[in-house]
Every structure is written in C-alpha cells, then in structure tokens.
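> So the numbering used here is basically just the index in the sequence shown, starting at one, shifted up by 1.
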Amino acid sequence: MTKKILVLTGGGDCPGLNAVIRGIAKRARKENTTLPKEEQWEVYGSIEAFNGVLREPQEIVKLTSKKTAGIHIKGGTILKTTNKANPIKYPVPQPDGSIKFEDRSAELVKKLKDLHFDAIINIGGDGSQKISKALFDQGIPIIGVPKTIDNDLAATDVTFGFQTAVQIATDSFDKLVTTAESHHRCMIMEVMGRDAGWIAVHTAIAGGAEICLIPEIPYDIKKLVKRIALRYKNGRGFCNIVIAEGAKPKDGTVVSQKGESGSEHVRLGGVAYQLAAQLKAAGCTAEIRETVLGHTQRGGTPVAFDRVLASLYGVKAFELVLNKKFGHMVALRNNQITEVSLSEATQGSRSVQKNDYIIQAAKGLGITFGD
Ligand code: F6P
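1) For Q354, which option in I242, S257, D196, Q275 has the closest C-alpha, if you only look at C-alpha atoms?
2) Which two residues bound the contiguous beta strand (DSSP E) that contains L313?
3) Anyone know if the C-beta pair for V62 and G46 falls short of 8 Å?
4) Any contact of the region 37–51 with the region 330–350, i.e. 3+ C-beta pairs under 8 Å?
5) Could you have a look at R186 and say whether DSSP puts it in helix, strand or coil?
6) In the DSSP assignment, find the unbroken alpha helix (DSSP H) run with R195 in it and report its ends.
7) In the DSSP assignment, find the beta strand (DSSP E) that holds S342 and state where it starts and stops.
8) Would you please state the rounded distance, in angstroms, between the beta carbons of K134 and T339? I believe it to be under 8 Å.
9) Determine contact between the region 30–37 and the region 159–179, defined as no fewer than three beta-carbon pairs at a distance below 8 Å.
10) Give the single residue among V146, G238, V243, S99 whose Cα lies nearest to the Cα of M374.
11) Starting from the C-beta of S173, find all residues in its chain whose C-beta is less than 8 Å away, skip the five residues before and the five after it, and write them out in chain order.
12) With 16 other CB atoms within 10 Å as the buried threshold, where does H203 fall?
13) Please confirm whether any heavy atom of the ligand F6P lies closer than 7 Å to the CB of N84.
14) I'd like to check one pair, F118 with L343: are the Cβ atoms closer than 8 Å?
15) In angstroms with no decimal places, state the Cα-to-Cα distance between G300 and L64.
16) Output needed for V316: all residues of its chain with C-beta closer than 7 Å, excluding positions within five of it in sequence on either side, in chain order.
17) Alpha carbon to alpha carbon, how far is K114 from A362? Give it in angstroms, no decimals.
18) Quick check on the DSSP output: the alpha helix (DSSP H) that includes V256 runs from which residue to which?
19) Going by DSSP in three states, A442 sits in which element: helix, strand or coil?
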C-alpha cells in the first residue's frame, strides 16, 4: 500500500511556509527512490488549513514535483491559510448574524481517518500546535512545524519568518533615518510581534534607534520626552523610534480593535499614533511622523536564513513521520534541528525578558526602553 501524508498551513502566513512544504515533498520523493512502487509516499496538501478537509467538496491537492518546484523562494503559502478554522472552536455563522463556536474535532478526526492518511504535518504557530496536540490526543498521527514572524514560541530558539520580518523592518527603518535627518524629525516606526518585542528589539539594534518600546517593558512617557530632547540638544538633531504593536505605557493599555467575526484574537495596530499624541501632550516639541509597517513584514520572499531553516524543518518533519515520532514538533535548539513533544511545545510563549542580554546590550548601545 502507498502511504499518504497530508500537509497544511494554519494561522497567519509567514515567509518560509512554501520552503517547508517543498522540503517535505522533496524528502518524501527522495525516500521513494529506495522503495518499491506500492510502498511509496504520496504527499497531499489541505487547502486553507483544516478547511480543506472539513469543507464539502473537500479541497485536497496532490503535491507533485511540478506543484512544489521552486516554491521555496516565494512568500505566502501555496496551500492558503486561515486563522478562522480552529476545529476545536470552529466559527459557525448564526441566522441572526452572530457567530457560535463549535467543536468539530470529532468530525475532523473521522474525516482524516476515512481519507486514510498515515501522517499529518501541521505547519503553524502556537494556536495551530494546540490543535495538533488536541488531534494527537484523539489518535491522529500528527507532527507540528513551528512558524511565526513573532519568534515567540517557547520550544524553539528561532522560528522561520522572523529574520525576514526583521530585515524588512530594518530596510524600512534605514529609509526613515535619511528623511528624519533631512527634516530634523522624530520618526515613529511601528512593527508587528503581538505580545512579544523580538522584532522591535532586533530592528532597533540593526537600525540604530534611539528608543525602542516593547510590550514586555511598559514605558514612562516623561522619560521618552527627555530622551528625545537630549537627542536634539546634544545629538544629531533627529530621532528614530521603533515601537512594537503590543507596547503600552505604564498604567496604560494596548491599542487594539475587535478581530473580524470568527477570529479568536483582537487586532493590534496603531500604537504609533497613540505614542505621537502622548509625546505631544507630554511636551515633546519635535515634529513627529508615524509609519505603521503592518503586513509588509509578512510578505515577499524569505531571506536565505528563513529558507534554510524552513527547508531543514520540512526535511526533519518527514523524517519524524518515517520514524513514527508522532505527537512531536520540529524545533531548533542550541543550533541543532531536533524535536520536542507537542505537550512541551504548547506550554507557553517566549517573550523578551528585561534581564535578557539583548536588552542589556541594547541599553549599552544607548537605546532607551522608557523604563
Ligand atoms: O502572529 C503574526 C502576526 O503578524 C502578528 O505579528 C500580528 O499581530 C498578527 O499576526 C496580525 O494578524 P492578521 O494578519 O490576522 O491581521
């Protein structure tokens, strides 16, 4: 009997997803060169996360070499994705326009079994890996692959997509520096990251920011006003700030809006404008402009590091399937590609710690966090 793998991408997209898909498909084809035809692996993809299986008609495509050739350099995901198809909390629109969340996991498990998949590879962030764990607990042979530009997964040192996001943010920062200098302006650049400040801190160091504001260190607006004034008085007469979308002032709240119907999360974004208003109100006299980078950080071609990491994750995920190490997620730890149990992988997130060396080093470089 041939053996079948189902691959899917869930949650927000991220540069490198296609490199994982290609890695899995190529490694499976390589394995097939050692196997008689009737024992070979076939790799399939479910379109739009588990929707491809749950929907009628189902949308499951065979990942032939033609479909996966050269896709590692492309952003996005050829399998499409959604963050509104959690089988355990599936959003079902009601006649009155409201949304009710239903547990469709038993139905999904039955469908996956009826389709005779020997393994599922779920590429996704923390939410997706919680789904992997729940399905594994219900008897589905599943492997997780971590992804997110936020780099906030506890079980892996780095996620692919992060370096690309930092590169995009740094390129934008560099552009803002030259125009800030010409106009003696104070530029505020807002980056993504949800509740983690990793993108912001890395960009602030790479770009050479004066101020970096992150969710983990609530800021004191008065200290920022002082720092900006000093920069104008003793420094180069302009100022560049990086702020993470989840940053908040001391005793303040994050800037968010309700997610679309069916989404489990609030939407962050717009804190740059709040900061500009707060600075003005606190007496900052500099001319301020705001830039919200938004989804540019998640788009386009992955940088080489992310292509490599994602490709290694893809190969490793297939090898975990070969070795029947289900219930695990691939990970990078201490520079080694390895695996961790889904129980461990779903145990919490990794945020920036105040005493992390990167914060101390950033302070050493003169970057103010407003604490
Ligand atoms: O988790 C990745 C991420 O890009 C966050 O940094 C951001 O807050 C969120 O997703 C945006 O989600 P959406 O694409 O649903 O607006």
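Backbone N, C-alpha and C define an ideal beta-carbon position, used for all residues, glycine too.
So, from the listed chains and residues:
1) D196
2) Here L313 belongs to no beta strand (DSSP E); instead the alpha helix (DSSP H) covers 305–323.
3) A contact, by the Cβ cut-off of 8 Å.
4) They do not touch, by the three-pair rule.
5) In the structure shown, R186 adopts extended strand secondary structure according to DSSP, grouped into three states.
6) Where R195 is concerned, there is no enclosing alpha helix (DSSP H), given that its DSSP letter is neither H nor E.
7) 337–342
8) Contact doesn't hold; Cβ gap of about 18 Å is too wide.
9) No, they do not touch.
10) No answer is possible for residue 374: it lies beyond the span of the chain, which begins at 2 and ends at 372.
11) M190, T292, L294, T297
12) That one is buried.
13) yes
14) no
15) Note on geometry: alpha-carbon atoms of G300 and L64 lie some 23 Å from one another.
16) G24, R28
17) About 52 Å.
18) Annotation: V256 is outside any alpha helix (DSSP H) and is labelled neither H nor E by DSSP.
19) Lying outside 2 to 372, the shown extent of the chain, residue 442 is not represented and no answer is given.
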